[in-house]
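A quick write-up on the structure given underneath.
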Amino acid sequence: LLGDHGIQVPTMVLLSLITVNGTDTEFTYLTIVKTVLGGVVGVAVNAVVLAEQAAMGDRDAAERMFQNVLRDTWSEAWLLTQAPDFIDARAKQLSLLPPAFFAGSATLLRLLETLDLRDDLPRITARTVVIGGEEDRIFPPEHSRAIAQAIPDAGLTIVPGVGHGLLFERPDAVIGVLR
């Protein structure tokens, strides 16, 4: 699906699922199509600018970029279970990534602003389940519903009470759906 854009879908999510849950379940194919509706809904408008500044070595911009993104990643309920400085500490750690990471982030964020794969969805023939978080501010549930409706015979699961970081918040629910 992403061939026209010159990128490949990473398998990091799949590896995260397996690592987090200690399972040896094998998935033969995993495609992430949450960006198909075009645009990144909840990500801060200035994320691209901050990523570009971080690519030039500006660590403060890197930290601000992650603070913006991380606040939209997890549900408020999950964040309340974390240390009070969770976002700031995580952003400080992530800001230490090399400038090349931020150059790639800027490229990806610019791509996500215009990526629209809606016309491709009806051509998906693989067994598909769309999983989203009820409190996802980056890709809200209405996007998950639209994707599932456009893919023939797709399943849909909206996990209650979680945000975009549902793999961290409720890995058990995600694995349960995929089994």
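Note that this note's numbering has the sequence shown beginning at 226, numbered continuously upward.
Note that CB positions come from ideal geometry on N, CA and C, so glycine has one too.
Only a predicted model underlies this, so the values are computations on that prediction, with no experimental measurement involved.
### Message
Out of Asp297, Pro323, Gly390, which one is the CA nearest neighbour of Ala286?
### Response
Against the sequence shown, residue 286 aligns to sequence position 61. Cα-wise, what sits closest to Ala286 is Pro323.
### Message
Measuring alpha carbon to alpha carbon, tell me which residue in Gln318, Arg335, Pro309, Thr306 is nearest Asn271.
### Response
Taking the sequence shown and counting its residues from 1, one reaches residue 271 at position 46. Residue Arg335 is the option with its Cα nearest to Asn271.
### Message
Do Glu359 and Asp396 count as a contact pair if the criterion is CB distance below 8 Å?
### Response
Translated into the one-based positions of the sequence shown, residue 396 becomes position 171. Translated into the one-based positions of the sequence shown, residue 359 becomes position 134. The sequence given here places Pro at residue 396; Asp does not occur at that position. No, these two residues do not count as a Cβ contact at 8 Å.
### Query
Three-state secondary structure (DSSP) at Thr298?
For the purposes of this step, residue 298 is taken as residue 73 along the sequence shown, with counting starting at 1. Reduced to three states, the DSSP call for Thr298 is helix.
#### Entry: DSSP beta-bridge partners of Leu381
By 1-based counting over the sequence shown, the position of residue 381 is 156. BP columns for Leu381 point to Val355.
### Task
Check whether the Cβ atoms of Val355 and Leu381 lie closer than 8 Å to each other.
What you label residue 355 is simply residue 130 of the sequence shown in a count that begins at 1. What you label residue 381 is simply residue 156 of the sequence shown in a count that begins at 1. Yes; because the gap between Cβ atoms is below 8 Å, this pair is in contact.
### Query
Between which two residues does the alpha helix (DSSP H) harbouring Gly307 extend?
Against the sequence shown, residue 307 aligns to sequence position 82. The question names Gly, but residue 307 is Gln in the sequence shown. Per DSSP, Gln307 belongs to no alpha helix (DSSP H) and is neither H nor E.
### Task
Buried or exposed for Gln318, please, with buried defined as at least 16 other CB atoms from any protein chain shown within 10 angstroms of its CB.
Sequence index remark: in the sequence shown, residue 318 carries index 93 (1-based). Exposed is the call here.
### Query
Where do the N-terminal and C-terminal ends of the alpha helix (DSSP H) with Pro396 fall, by residue?
As a working mapping, residue 396 is identified with position 171 in the sequence shown. Residues 396-403.
### Message
My assumption, with CB atoms under 8 Å, is that Pro347 sits in contact with Ala316. Please give the rounded CB distance.
### Response
Your numbering for residue 347 matches position 122 in the sequence shown. Your numbering for residue 316 matches position 91 in the sequence shown. 39 Å between Cβ atoms; not a contact.
### Query
Is His389 helix, strand or coil when you go by DSSP?
Counting from one through the sequence shown, the residue named residue 389 turns up at place 164. Coil.
### Message
I need the boundaries of the alpha helix (DSSP H) containing Gly282, first residue and last residue.
### Response
As a working mapping, residue 282 is identified with position 57 in the sequence shown. It is not in any alpha helix (DSSP H) - Gly282 carries neither H nor E in the DSSP assignment.
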